[in-house]
Structures are given as C-alpha cells and as structure tokens.
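Below is one structure, written out as structure tokens; comments come after it.
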Amino acid sequence: MSDRLRRFTPFTRFVVGGAANTGATYGLFVLLSRWITPPAAYSAAYLTGVAIAYFVNTMFVFRVRPRAGSAARFPVVYLVSYLAGLGILTPLTRAGIDGRLAMAAVLAVNVPLTFAMTRLVLGKAGVPAPERTAAPPTPSANQPSLGK
Numbered sequence: 000m001s002d003r004l005r006r007f008t009p010f011t012r013f014v015v016g017g018a019a020n021t022g023a024t025y026g027l028f029v030l031l032s033r034w035i036t037p038p039a040a041y042s043a044a045y046l047t048g049v050a051i052a053y054f055v056n057t058m059f060v061f062r063v064r065p066r067a068g069s070a071a072r073f074p075v076v077y078l079v080s081y082l083a084g085l086g087i088l089t090p091l092t093r094a095g096i097d098g099r100l101a102m103a104a105v106l107a108v109n110v111p112l113t114f115a116m117t118r119l120v121l122g123k124a125g126v127p128a129p130e131r132t133a134a135p136p137t138p139s140a141n142q143p144s145l146g147k
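Numbering follows the numbering used here, in which position 90 of the sequence shown is assigned residue number 89; successive positions increment by one, without gaps.
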C-alpha cells in the first residue's frame, strides 16, 4: 500500500472502500435492470457487493489475507447490518419520519456497527495494522563499527 493511503485510518479506508463498492454495485444494478426484474437485479448486485466488500476490507481496509473462515463468516456482518438498519428504519418511518431522513439515522448507526463487526470477523479487533518499514541499514565494510 502506498504511503499516501497508509496514513489514513482503517475507518477512513472503510468509508472510501464502501463508497466505491456502493457505486460499483449501483452500476451493476442499473445494468442488470435492463434484462431482469429490479428485485432480481438488486439481489444479484447486493450479493456481488458483499463479495466485493470482503476483498476491499481484507486487502485495502485492514490489510489481512483473505481466509476461508473469515469469508464464511463475513456475510453474517451484512445480515446483521441489514436487520439493524431495518430495525431502525421501520419504526422511524411508521412514526411519520420521511424515509430519506430516517436513512440518515440508519447510516449513523450502521456504518460504525458494520466497521466494528468487520474488524472482529477479520481478526483485527484492537490490533493495529502492522506498518511495513525499511530494514535498518547494515554496516558496510567501509564504515567503522561502534561496538569494535
């Protein structure tokens, strides 16, 4: 990862990766909607988005290797996120709050919730990502050694 990207926090990379994933899956939804029903297009785009999110989060956000175990657990993150969002959105809209405004409340809860669950599933809870640093220079034959 470049030094420019390394300076951003994992949460910032999570938001950027999520925005890119959203754009890609929306484009896929629009494209698929030309040939299949919108619910089928949404389902295909959503499932594709979960797969993209897994690789974005492993390789870009948390910089961990994709593993079968975490890949198997990862869809649960999005199921919980979906249900949490529905649990917030439904009562707010039933109370008469405009869905567009209620969606802001969903995002305010779901973005940090999904970040925390993803971090936990990928095994990065409380563990900072290791930084790659250059190895210290080794003394050459022409340089005096301090220990001799």
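Here a beta-carbon is modelled for each residue, glycine too, at the ideal position from N, C-alpha and C.
Subject >> Alpha carbon of phenylalanine 114 to alpha carbon of valine 49, nearest angstrom >> reply: 14 Å
Subject >> Straight-line gap, asparagine 109 to arginine 33 (C-alpha atoms, nearest Å) >> reply: 30 Å
**OP:** Spatial neighbours of glycine 98 within its chain, please: CB distance less than 6 Å, with the 5 preceding and 5 following residues excluded, ordered by chain position.
**Re:** Thr92
**OP:** Indicate whether the contact test is met: 3 or more Cβ pairs, each with one atom in the region 66-84 and one in the region 20-28, closer than 8 Å.
**Re:** no
**OP:** Have a look at proline 148 and leucine 121 and give me their C-alpha separation to the nearest angstrom.
**Re:** Only positions 0 to 147 of the chain appear in the structure, and residue 148 is not among them; the question remains open.
Subject >> Outcome for valine 29 when other beta-carbon atoms lying within 10 angstroms are tallied against a minimum of 16 >> reply: exposed
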